[in-house]
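Be aware that the sequence shown starts at 133, since it is given in the numbering used here, and climbs by one per residue.
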Amino acid sequence: MSFPLQDDYWVQVRDFLKALVQPLDAILAPNEFMEFFPGNYSYNVTYRLRSSHFEYVLFHKAMLAEIEPPFGLEVLRTFQPIFANEVFVVFAKQLPETLPPLPGVHLQPLLDQFVAVATQQRGLVKRPQYAVTMTTYNRPECLRRSLPQVLKLGAPVLIVDDASKPENAAENQRLADFHQVPLIRIPQNRGLPNAMNVGISYWLADPEIDWISYFQDDVDVHPDLFHILETIQDATERPILTGRDAAEHPTFATGNLAGHNVLFKRSMPGPHLHAHRDYWTGVIPIPTPYLGAPKPDGGKPGQGADEDWWITSWSPQSIAKQGKYGVCVPGLVRCFQLTEEGSTWNNLGVRREDEPPIVEPH
133 MSFPLQDDYW VQVRDFLKAL VQPLDAILAP NEFMEFFPGN YSYNVTYRLR
183 SSHFEYVLFH KAMLAEIEPP FGLEVLRTFQ PIFANEVFVV FAKQLPETLP
233 PLPGVHLQPL LDQFVAVATQ QRGLVKRPQY AVTMTTYNRP ECLRRSLPQV
283 LKLGAPVLIV DDASKPENAA ENQRLADFHQ VPLIRIPQNR GLPNAMNVGI
333 SYWLADPEID WISYFQDDVD VHPDLFHILE TIQDATERPI LTGRDAAEHP
383 TFATGNLAGH NVLFKRSMPG PHLHAHRDYW TGVIPIPTPY LGAPKPDGGK
433 PGQGADEDWW ITSWSPQSIA KQGKYGVCVP GLVRCFQLTE EGSTWNNLGV
483 RREDEPPIVE PH
């Protein structure tokens with residue numbers, strides 16, 4: 133699409149932006165502005181990116197239907213209008229100095245449209261949409277116990293089999309078929325981080341999924357896990373949670389959220405991790421120090437797959453690197469496979485000899 137140079141309204145707003153912004157500043161505007169501003173994003177991305185990603189948002193009054201309503205309303209709440217003509221209104225995250233006041237006659241039609249959208253939105257309460265990824269490797273007896281419990285959570289489930297031996301793979305597939313759950317079998321054993329990348333990305337492809345819970349195959353799960361986490365989770369402030377405590381992941385503070393006792397941590401254990409889709413996007417792909425199932429001699433002495441540390445602490449986008457805490461609601465998830473023979477790493481490490489039964493936190 134070429135820029136409409138014969139349209140005075142488009143040229144006015146282009147010249148205004150040229151005098152104010154750098155070419156690579158993040159701008160939301162019709163795609164035609166890409167010709168002059170490589171940092172421009174089309175309206176089509178508003179289902180995916182939040183307003184905080186942008187420095188400037190340019191609304192075309194006749195194209196508001198192309199913008200996701202929650203995005204537009206967020207801009208009105210958090211940005212400031214800095215330019216308006218008969219066709220466009222420009223909003224800025226930070227108010228530039230020495231700008232003349234906006235003509236209200238050009239701004240008001242946009243505000244009227246968004247008031248109508250806000251009124252409609254208040255009548256629509258969207259419940260969060262959940263999905264589950266489970267990984268398994270050569271432990272069909274574990275999957276047989278854990279899968280029915282996870283299915284009781286009421287969310288769609290995907291199993292990723294990291295190239296189990298043929299007899300174990302066949303049993304995993306039989307279990308998946310019996311419970312009518314899709315199973316992806318990786319053709320070669322590539323390790324837990326890769327299996328998680330495959331399983332989490334499967335659900336990220338669906339923009340309707342808001343929160344993804346990851347489970348390993350040796351867990352008991354509280355049937356109200358999602359109902360409890362829903363009262364605590366927050367896409368911005370508390371985007372990653374777990375229902376299992378672990379001694380190797382220190383607690384830095386305790387508290388009570390929505391009537392539930394919680395632990396605040398800078399790292400959390402891998403058997404269960406529950407995160408908003410935006411958080412998962414920030415930490416995927418999860419790297420791996422070596423291919424294959426966890427093994428004590430895979431890399432440096434004692435080095436595991438380290439997927440939990442990457443997700444919660446080591447990734448540049450992790451909750452720890454954001455200066456915040458992950459939230460643990462203990463007692464919602466427990467590991468039942470605590471013997472050395474049942475560990476795919478063949479190393480108990482700091483695993484507890486026993487874990488308490490599932491209890492509802494309070």
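Positions of the beta carbon are idealized from the N, C-alpha and C atoms, including for glycine.
How is Pro213 classed by DSSP in three states: helix, strand or coil?
Counting from one through the sequence shown, the residue named residue 213 turns up at place 81. Looking at Pro213 - three-state DSSP - the assignment turns out to be strand.
Ends of the beta strand (DSSP E) at Trp446?
Taking the sequence shown and counting its residues from 1, one reaches residue 446 at position 314. Segment: none, Trp446 is in no beta strand (DSSP E) and carries neither H nor E.
Can you list, in chain order, the residues of its chain with a C-beta nearer than 7 Å to that of Ala320? Leave out the 5 residues immediately preceding and following it.
Indexing the sequence shown from 1 puts residue 320 at position 188. Looking at the sequence shown, residue 320 is not Ala but Gln. Result list for Gln320: Ala295, in chain order.
By the DSSP assignment, the alpha helix (DSSP H) with Arg277 in it spans what residues?
Indexing the sequence shown from 1 puts residue 277 at position 145. It spans Pro272 to Leu283 - the alpha helix (DSSP H) in which Arg277 sits, taken as one unbroken run.
Ends of the alpha helix (DSSP H) at Ser333?
As a position in the sequence shown, residue 333 is number 201, starting the count at 1. Per DSSP, the continuous alpha helix (DSSP H) segment holding Ser333 begins and ends at Leu324 to Leu336.
Residues near Tyr262 by beta carbon distance below 6 Å, same chain, minus five either side:
In the sequence shown, residue 262 corresponds to position 130, counting from 1. Result list for Tyr262: Ala287, Trp343 and Phe358, in chain order.
Backbone CA spacing between Pro333 and Ala327 [nearest angstrom]
Position 201 of the sequence shown holds residue 333. Position 195 of the sequence shown holds residue 327. First, the residue type needs correcting, since residue 333 is Ser and not Pro in the sequence shown. Roughly 10 Å separates the two Cα atoms.
Beta carbon of Thr374, beta carbon of Pro401: below 8 Å?
To locate residue 374, count along the sequence shown from 1; it is residue 242. To locate residue 401, count along the sequence shown from 1; it is residue 269. Yes. Within cutoff.
Do you know how far the Cα of Pro260 is from the Cα of Glu200?
Within the sequence shown, numbered from 1, the residue matching residue 200 stands at position 68. Within the sequence shown, numbered from 1, the residue matching residue 260 stands at position 128. Computed Cα separation, rounded: 17 Å.
Contact check, Ile291 vs Ala308, beta carbons under 8 Å
Locating residue 291 in the sequence shown gives position 159, counting from the first residue. Locating residue 308 in the sequence shown gives position 176, counting from the first residue. A contact, by the Cβ cut-off of 8 Å.
What residues match up with Gly387 in a beta bridge as DSSP calls it?
Here residue 387 refers to the residue found at position 255 when the sequence shown is read from its first residue. In the DSSP output, where bridge partners are listed per residue, Gly387 has Val394.
Enumerate, from N- to C-terminal direction, the unbroken beta strand (DSSP E) stretches of 3 or more residues contained entirely within the region 348-377.
351-353 and 372-374
Is the beta carbon of His408 within less than 7 Å of some heavy atom of the ligand GTP?
With respect to the ligand GTP, the structure shown offers nothing to examine, as it has no ligands at all.
Please look up how many angstroms separate the CB atoms of Asn329 and Ile418, rounded, as I've assumed it's under 8 Å.
For the purposes of this step, residue 329 is identified with residue 197 of the sequence shown, where counting begins at 1. For the purposes of this step, residue 418 is identified with residue 286 of the sequence shown, where counting begins at 1. With a Cβ gap of about 6 Å, Asn329 and Ile418 count as contacting.
Can you tell me which residues form a DSSP beta bridge with Tyr188?
Residue numbering aside, residue 188 sits at position 56 when the sequence shown is read from its first letter. Beta-bridge pairing links Tyr188 to Ile159 and Ala224.
Leu275 classed as buried or exposed, judged by whether at least 16 other C-beta atoms fall within 10 angstroms
What you label residue 275 is simply residue 143 of the sequence shown in a count that begins at 1. Classification of Leu275: buried, given that the 10 Å Cβ count is 16 or more.
Looking only at its own chain, which residues have a Cβ that is under 8 Å from the Cβ of Gly323, when we skip the five neighbours before and after it?
The sequence position of residue 323 within the sequence shown is 191, counting from 1. Excluding positions up to five away in sequence, the list reads Asp294, Thr420, Tyr422, Leu423, Gly424, Ala425, Pro426 and Ala437.
Continuous alpha helix (DSSP H) stretch holding Val292: start and end
Reading the sequence shown from its first residue, position 160 is the one you call residue 292. No alpha helix (DSSP H) holds Val292; the beta strand (DSSP E) holding it covers Val289 to Asp293.
Expressed to the nearest angstrom, what Euclidean distance is found between the alpha-carbon atoms of Pro488 and Gly463?
Against the sequence shown, residue 488 aligns to sequence position 356. Against the sequence shown, residue 463 aligns to sequence position 331. Distance between the alpha carbons of Pro488 and Gly463 is about 8 Å.
Can you give the Cα-Cα distance for Asp377 and Phe220, rounded to whole angstroms?
Within the sequence shown, numbered from 1, the residue matching residue 377 stands at position 245. Within the sequence shown, numbered from 1, the residue matching residue 220 stands at position 88. Cα to Cα, the separation comes out at about 52 Å.
Residue interval of the alpha helix (DSSP H) (run including Val143)
By 1-based counting over the sequence shown, the position of residue 143 is 11. Val143 -> alpha helix (DSSP H) spans Asp140 to Lys150.
Report all residues from its chain with a CB closer than 7 Å to the CB of Met133; omit the five preceding and five following residues, and keep chain order.
Position 1 of the sequence shown holds residue 133. Cβ within range, chain order: Asn163 and Glu164.
Backbone secondary structure at Gly458 - three-state DSSP:
Taking the first residue of the sequence shown as position 1, residue 458 is located at position 326. DSSP places Gly458 in strand when its eight states are reduced to three.
Give the DSSP-derived three-state secondary structure of Val249 in the structure shown.
Your numbering for residue 249 matches position 117 in the sequence shown. The answer is helix: DSSP assigns Val249 an H, G or I state.
How close, in whole Å, do the beta carbons of Val351 and Ser399 come, if the pair is a contact with beta carbons under 8 Å?
Along the sequence shown, one-based indexing puts residue 351 at 219. Along the sequence shown, one-based indexing puts residue 399 at 267. Actually they do not touch by this definition, with Cβ atoms about 18 Å apart.
Beta-carbon proximity of Val222 to Val282, cut-off 8 Å
If you number the sequence shown from 1, residue 222 lands on position 90. If you number the sequence shown from 1, residue 282 lands on position 150. Cβ atoms of Val222 and Val282: not closer than 8 Å.
Excluding the five sequence neighbours on either side, which residues of its own chain have a C-beta within less than 6 Å of the C-beta of Thr265, listed in chain order?
As a position in the sequence shown, residue 265 is number 133, starting the count at 1. Closer than 6 Å at the Cβ level, and outside the excluded window around Thr265, lie Leu290, Gly331, Ile332 and Tyr346.
Distance CB(Ile214)-CB(Pro202) smaller than 8 Å
Position 82 of the sequence shown, counted from the start, is the residue given in the question as residue 214. Position 70 of the sequence shown, counted from the start, is the residue given in the question as residue 202. No; because the gap between Cβ atoms is not below 8 Å, this pair is not in contact.
Verify whether the separation of the beta carbon atoms of Leu395 and Cys460 is less than 8 Å.
For this step, residue 395 is matched to residue 263 along the sequence shown. For this step, residue 460 is matched to residue 328 along the sequence shown. Yes, the pair counts as a contact, with Cβ atoms nearer than the cut-off.
Using a 10 Å radius around the Cβ and a threshold of 16 neighbouring Cβ atoms, would you call Pro448 buried or exposed?
Mapped onto the sequence shown, residue 448 falls at position 316. Result: exposed.
Start-to-end residues for the alpha helix (DSSP H) that takes in Leu405
Translated into positions along the sequence shown, residue 405 becomes position 273. No alpha helix (DSSP H) contains Leu405, which is instead part of the beta strand (DSSP E) from His404 to His408.
Give me the Cα-Cα distance between Phe100 and Trp142, rounded to the nearest whole angstrom.
Here the chain comprises residues numbered 133 to 494, so residue 100 is not present and cannot be evaluated.
Anticipated Cβ contact below 8 Å, Tyr188 with Ala224, distance rounded:
The residue given as residue 188 occupies position 56 in the sequence shown. The residue given as residue 224 occupies position 92 in the sequence shown. With 8 Å as the limit, Tyr188 and Ala224 qualify as a contact, their Cβ atoms being about 5 Å apart.
Any idea if Thr267 is buried or exposed, counting beta-carbon neighbours within 10 angstroms, 16 or more meaning buried?
As a first step, residue 267 must be located in the sequence shown, where it is residue number 135. The residue in question, Thr267, is buried, as its Cβ has 16 or more Cβ neighbours within 10 Å.
Please state whether the Cβ-Cβ distance between Glu167 and Phe211 is less than 8 Å.
The residue labelled residue 167 in the question sits at position 35 within the sequence shown. The residue labelled residue 211 in the question sits at position 79 within the sequence shown. Against a cut-off of 8 Å, the Cβ pair of Phe211 and Glu167 comes out as no contact.
In three-state terms, what does DSSP make of Val264?
Here residue 264 refers to the residue found at position 132 when the sequence shown is read from its first residue. It is a strand residue.
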